[in-house]
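Student: Dumping the structure here so I can ask a few things about it.
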Amino acid sequence: MTHNGDTAHATGIGEMLISSRSLDEYRSMFHLTDEDLSRKILDCPGGAAGFTSAVNRLGGDVTACDRAYFDRDTEQLAVVAAAETERGNRYIRAHTEHFDWAFFADPDQHARVRRHAVQEFAADIRLNPRHYVAGRLPSLPFPDAAFDLVLSSHLLFSYSDRLDHTFHLDAIRELMRVARGDLRVFPLVASGSSVRYPRLDDLLTDLRNHDIAGEVVEVGYRFQRGAHHMLVCRHIASHGSVAAGSV
Ligand SMILES: C[S@@+](CC[C@H](N)C(=O)[O-])C[C@H]1O[C@@H](n2cnc3c(N)ncnc32)[C@H](O)[C@@H]1O
365 MTHNGDTAHA TGIGEMLISS RSLDEYRSMF HLTDEDLSRK ILDCPGGAAG FTSAVNRLGG
425 DVTACDRAYF DRDTEQLAVV AAAETERGNR YIRAHTEHFD WAFFADPDQH ARVRRHAVQE
485 FAADIRLNPR HYVAGRLPSL PFPDAAFDLV LSSHLLFSYS DRLDHTFHLD AIRELMRVAR
545 GDLRVFPLVA SGSSVRYPRL DDLLTDLRNH DIAGEVVEVG YRFQRGAHHM LVCRHIASHG
605 SVAAGSV
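Residue numbers (our numbering): 365 to 611.
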């Protein structure tokens, strides 16, 4: 098993996808309220999601961070992200039985939403490149406690066929280092599976040993079968209390 996910594996989608979820998906996956969206947010990995563009357009303060932003200029990223959106939709059409058609009515609606999100991403990264920061977990280019809220969708747990337990622990510790408030991670199942990450209890114990409390919280988003929960992480203060959160 590789540590950093650079090697393609046969399970799930195959090579790691640069996907393009929408603001509505983020709201639903992460239980985000309007108050949450007014906080200073890090989205890591941001991929080609429309979230950063959409929230900042509404007056928010979101930074996206992803390793995909390292090697390509904005034009190349836009082209790759559009192609990746089509690859993701082809996968879903080939595996419709792995999905609940509740959030999306059908694969056509999925394609429409994701194409719109990737267009928002492509337009925004051209206009506001400073909102898209190249970074590679488990080491991020931000100071401690730089963000009120940190979101992480479809990297951790999703690719647990190729990202090992140490990577999950180190990545969550790093995401928490830059979080003043909570970290929310979704989903807790691997791509192509509906079974929860088998070492979640070990991970929660390891996190607690690093003064991080993790809580599994059900969310309303229904798409990948079995992916109904996020992990909410909070700092444990030196006197043992867990920082209050809004979830
Ligand atoms: C499936 S996409 C998720 C993107 C976005 N959060 C969404 O839900 O649409 C996974 C992303 O993780 C990024 N990624 C993979 N390994 C990474 C790492 N070690 N650090 C930062 N980003 C990484 C990939 O480049 C890809 O864009």
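Glycine included, every Cβ here is placed at the ideal spot set by N, Cα and C.
Compare the beta carbon distance of Ala481 and Arg385 with 8 Å and say whether it is the shorter of the two.
Tutor: Closer than 8 Å, so yes.
Student: According to DSSP, simplified to helix, strand and coil, what is Arg560?
Tutor: DSSP places Arg560 in strand when its eight states are reduced to three.
Student: Candidates Pro409, Leu401 and Pro551: which alpha carbon is nearest His421's?
Tutor: Residue identity differs from the one stated: residue 421 is Arg in this sequence, not His. Taking only the C-alpha atoms, the option nearest Arg421 is Leu401.
Student: Can you give the beta carbon distance from Asp512 to Arg544, rounded, assuming they're within the 8 Å contact cut?
Tutor: So it is a contact: roughly 5 Å between Cβ atoms.
Student: When you compare each of Thr397, Lys404, Val426 and Arg560 to Gly410 by their alpha carbons, which one comes out closest?
Tutor: Nearest option by C-alpha distance: Val426.
Student: How long is the line joining the alpha carbons of Val443 and Val549, rounded to whole angstroms?
Tutor: For Val443 and Val549, the distance between alpha carbons rounds to 27 Å.
Student: If Thr438 and Ile489 are in contact, beta carbons under 8 Å, what's the gap, nearest whole angstrom?
Tutor: Confirmed, Cβ separation roughly 5 Å.
Student: Measure how close the beta-carbons of Val559 and Gly590 come, nearest whole angstrom, since I'm counting them as under 8 Å.
Tutor: So it is a contact: roughly 7 Å between Cβ atoms.
Student: Classify Asp430 as helix, strand or coil using the three-state DSSP reduction.
Tutor: Three-state result, Asp430: strand.
Student: Can you list, in chain order, the residues of its chain whose CB lies under 6 Å from that of Gly424, leaving out five sequence neighbours each side?
Tutor: If we look at Gly424 and ignore the five residues flanking it on each side, its Cβ neighbours are Leu401.
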